[in-house]
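Heads up, the thing below is written out as structure tokens.
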Amino acid sequence: MPLPASASPGPPASRNPSTPSGTPTSRDASPSPGSRAELVADTALALLAERGMRGLTHRAVDEAGGLPQGSTSNLARTRQALLGLAVRRLAEREARVLALEEMPDPRGGRDALTEALALAVHRSLSHHRDLLVARYELALEATRRPELRTFYDAAGAVFRDRLTALLTAAGSPDPARHVLSLVAWADGLMFSCVAGSFGGRTPSPDELRAGARELLDGMLGG
């Protein structure tokens, strides 16, 4: 199968960000025309999803991205630099999927947070599975490369910090522990449905709302 520099994620679900519940809209995290650095990073992510870590080379990025030979090396001279570029771009595109700027107002209460968590997970599973596969490849590689781990952890800190603030405002007695539980629920569910024993299954938004609500009720008191 030929490797496109960008893949269409399909039509996003329609949501109005101005709804009272603070529900985030569906976002398209597919790459848009931009700088050569973005093209290289997007192509690296596509290669990771299609071919795995062993299939990611400077030459492969040049060929798949339609770039002159040596372009990727000029931009990211080492493999570590190329991986760091991919992680930073992954964080940018996942932020568009999660729509961090549209996370619920803490005054929206538990219902708004439940809706935001469910829709973010459903959006990733419905339209951005390749991005999830690329993330898993990078996460495993980060366990072997301390420098990459620094990039990877910093990329995830933005969402964790936002979720910590939301849980604190919602009355969590232990926000740090509860953030870990919620992130583990979301990450575990996505991995199971993309690469684990439930591979190929996408839970409905209602199923995800029920799961998120059960967790939040248990943490905050039902």
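Plus 4 on top of the position in the sequence shown (first one is 1) and you've got my numbering.
C-beta atoms are modelled at their ideal positions from N, C-alpha and C, and glycine is treated no differently.
Taking the C-beta atoms as reference points, residue 136 is found nearer than 8 Å to residue 198. The alpha-carbon separation between residue 96 and residue 85 amounts to approximately 17 Å.
Residue 91 and residue 142 do touch by the CB rule: their CB atoms are close to 6 Å apart, below 8 Å.
When DSSP states are grouped into helix, strand and coil, residue 222 belongs to the helix group. DSSP places residue 126 in the helix class (H, G or I) of the three-state scheme.
The C-beta distance from residue 99 to residue 108 rounds to 16 Å, too long to fall under 8 Å, and the pair is not in contact. Distance from residue 219 to residue 196 at the Cβ level is roughly 16 Å; contact not present, criterion being Cβ atoms closer than 8 Å. Take residue 40, set aside five residues on each side of it, and the residues of its chain with a beta-carbon closer than 8 Å to its own are 71, 75, 79, in chain order.
In this model, residue 62 and residue 73 are separated by some 9 Å (Cα to Cα).
Judged by DSSP in its simplified three-state form, residue 46 adopts helix.
Look at residue 174 here: in three-state DSSP terms it is coil, with no helix or strand label. The way I'd put it, the stretch 120-135 does touch the stretch 206-219; three or more beta-carbon pairs between them come closer than 8 Å. Here residue 80 carries a coil assignment [DSSP, helix/strand/coil]. DSSP places residue 193 inside the alpha helix (DSSP H), whose first and last residues are 179-198. Per DSSP, the unbroken alpha helix (DSSP H) holding residue 67 starts and ends at 62-68.
The beta carbon of residue 77 sits closer than 6 Å to the beta carbons of 62 from its chain, once the five residues preceding and following it are set aside; these are given in chain order. For residue 149, there is no enclosing alpha helix (DSSP H), as DSSP marks it with neither H nor E. 8 Å or more divides the Cβ of residue 188 from the Cβ of residue 224.
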